[in-house]
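Engineer: Provided herewith is a single structure, encoded as structure tokens, for subsequent inquiry.
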Amino acid sequence: MKILYNCLEFTLQCIAPDYCRVCRQRSDPGRPVCLSCIRRLPRVTHPCPRCGLPETDGRVCGRCQGKPPAFDQTIAAFRYAEPVSSIICTLKYAGDVSAARPLGLLLADCVAARGRGRPDILMPVPLHTRRIMKRGFNQSIEIARVTAKRLKIPLSTGAVRRARHTAAQQTLSLSERRRNVRECFDVVRPPRVRRIALVDDVMTSGATMDALAAALKRHGDYEVQAWVCARA
Ligand SMILES: [Zn+2]
Ligand SMILES: [Zn+2]
């Protein structure tokens with residue numbers, strides 16, 4: 026069955042090759058962004074290993090030294106800048122679920138390049154039911170699904186619930202963001218693993234990831250990584 030599926034996928038790629046999401050030119054099979062565009066994507070340089078903040082000479086940033094987040098490490102594939110930001114907006118606000126594929130694959134490539142601390146499961150950041158009803162899907166699940174498949178790591182989607190509907194974070198200050206998401210996650214089934222990688226589209230202040238990692242760590246001795254497509 027698996028062989029049949031692989032043959033089918035190969036045939037599909039031959040008759041309907043990938044077009045690059047960025048330049049719209051024909052791309053290599055299985056690559057939704059072409060290599061020449063990948064080379065020009067906005068990378069995160071010398072980030073804080075804890076929160077992924079760019080340009081800290083690779084040292085733990087002041088904020089993490091003062092008040093370390095509940096997650097242990099961050100891997101951010103890109104900075105939140107064009108064209109990555111547009112792909113994310115297409116997914117979240119234009120409802121184009123196919124945009125999750127380039128994001129999930131690029132995130133997988135970035136993580137694979139680091140090559141250490143492989144997690145036991147990937148856990149997308151849950152959305153509240155009300156937001157899922159409005160958007161129709163959870164963008165983090167769509168991205169994580171692609172990443173999990175590429176890296177062959179199990180996906181965990183039902184272990185944590187977003188118990189409280191929170192205001193959108195965009196307009197809030199850091200302390201307001203922290204207050205806004207505090208206690209908003211409910212661990213319904215603590216995963217029986219050691220290493221968890223949380224997956225989200227964007228990390229801005231890290232407050233959401235912090236709240237989710239803290240909720241998990243109240244239920245077990247987990248090592249928690251934060252994997253995001255873009256770091257604002
Ligand atoms: Zn391209
Ligand atoms: Zn930091």
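The sequence shown runs contiguously to residue 257 in my numbering. Beta carbons: idealized from backbone N, C-alpha and C, even for Gly. Source: prediction; values computed, not measured.
1. Taking C254 as part of the beta strand (DSSP E), name the residues at either end of that continuous run.
2. Any heavy atom of ligand 2 closer than 6 Å to the beta-carbon of C76?
3. Under 8 Å by Cβ, that's how I've got V47 and F103 pegged, so tell me the actual separation to the nearest angstrom.
4. State buried or exposed for M148, treating a residue as buried only when at least 16 other CB atoms are found within 10 Å of its CB.
5. Compute the Euclidean distance between the alpha carbons of T233 and R243, then round it to the nearest angstrom.
6. Answer with buried or exposed for R217, where buried requires no fewer than 16 other C-beta atoms within 10 angstroms of its C-beta.
7. For F35, does the three-state DSSP call read helix, strand or coil?
8. Please write down, chain order preserved, every residue whose beta carbon lies under 7 Å from a heavy atom of ligand 1.
9. Would you please state the rounded distance, in angstroms, between the beta carbons of A188 and D211? I believe it to be under 8 Å.
10. With a threshold of 6 Å on Cβ separation, who are the neighbours of P108 within its own chain once the five nearest residues in sequence on each side are excluded?
11. Let's see if you can read the secondary structure: which residues bound the alpha helix (DSSP H) around P127?
Structural biologist: Judging by the given coordinates:
1. Taking the first residue of the sequence shown as 1, we reach residue 254 at position 229. Its beta strand (DSSP E) spans residues E248 to R256.
2. Here residue 76 refers to the residue found at position 51 of the sequence shown. Correct: C76 has its Cβ closer than 6 Å to ligand 2.
3. Your numbering for residue 47 matches position 22 in the sequence shown. Your numbering for residue 103 matches position 78 in the sequence shown. In fact, because the Cβ distance is near 12 Å, the residues do not count as touching under 8 Å.
4. Taking the first residue of the sequence shown as position 1, residue 148 is located at position 123. It is buried - the Cβ of M148 has at least 16 other Cβ atoms within 10 Å.
5. Stepping through the sequence shown from its first residue, residue 233 is reached at position 208. Stepping through the sequence shown from its first residue, residue 243 is reached at position 218. Cα atoms of T233 and R243: separation of roughly 16 Å, rounded to the nearest angstrom.
6. Numbered from its first residue, the sequence shown carries residue 217 at position 192. Exposed, by the Cβ-count rule.
7. The residue labelled residue 35 in the question sits at position 10 within the sequence shown. Caution is warranted here: a pLDDT of 49 is assigned to F35, below 50, making its placement in the model unreliable, and no coordinate value can be reported.
8. This selection yields C45, V47, C48, Q50, S52, V58, C59, S61 and C62.
9. As a first step, residue 188 must be located in the sequence shown, where it is residue number 163. As a first step, residue 211 must be located in the sequence shown, where it is residue number 186. Right, the Cβ-Cβ distance comes to about 4 Å (below 8 Å), so this counts as a contact.
10. Here the question's residue 108 lines up with position 83 in the sequence shown. So the qualifying residues of the chain are V47.
11. Numbered from 1 along the sequence shown, position 102 holds the residue referred to as residue 127. Residues A125 to R139.
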